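Written out below as structure tokens is the structure these notes cover.
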Amino acid sequence: MSVGPPALRSPQGTKLDEHAVEGELTLQQCSVCQTVQYPPRELCRHCLGDELNWSAVSRGGDLLAYSELQHSLEPFFQEQSPWRLASVKLDCGPVVLARLTASCPSGNIRVEVSHTTLAGSCILQASPLNMENKP
Ligand SMILES: [Zn+2]
């Protein structure tokens, strides 16, 4: 029997799950200043506006860094190991943390970020786009 992620989500994190569409990327966007933000919050991080909508946004971004988790005390991550955790600067603005689908060489790597479901929970997943052009 598989186990779920080790922690419960915040109320805003739960809303991310509710608005996620498999294979797309839906994030909060301020209806006043159009800022896209992640993680989800109750107010806009730029103008403190409270009119936040969930919008499908551009999935492209640049891989900033990643690390590969080889060992964990959490049963969920033991089953999923190795777990590659990436930080990605999205073209639409925010930096997100996402599970990386493949090992990458160092250098500028373009990725595509989307929602996917793992063990009943929605996560962000980053897939490299231009690895064939890299050493
Ligand atoms: Zn705003």
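For the sequence shown, this note's numbering begins at 654 and goes up steadily by one. In this text, a Cβ means the ideal position worked out from N, Cα and C, and glycines have one as well. Everything numeric in this text was worked out from a predicted model, so none of it was measured.
Distance from the Cα of Y691 is smallest, within the candidate group C757, V710, F729, L726, for V710.
With a cut-off of 8 Å on Cβ pairs, the region 754 to 765 is in contact with the region 702 to 720, counting three or more such pairs.
By the criterion of a C-beta distance shorter than 8 Å, H672 is surrounded in its chain by T679, W707, once the five residues flanking it on both sides are discounted. Inter-residue distance for C683 and V766 is about 20 Å (C-alpha atoms, whole angstroms). Neighbourhood of ligand 1, defined by CB distance below 6 Å to any of its heavy atoms: C683, V685, C686, T688, C697, H699, C700, G702, in chain order. Assignment of H699 by DSSP, reduced to helix, strand and coil, places it in the coil class.
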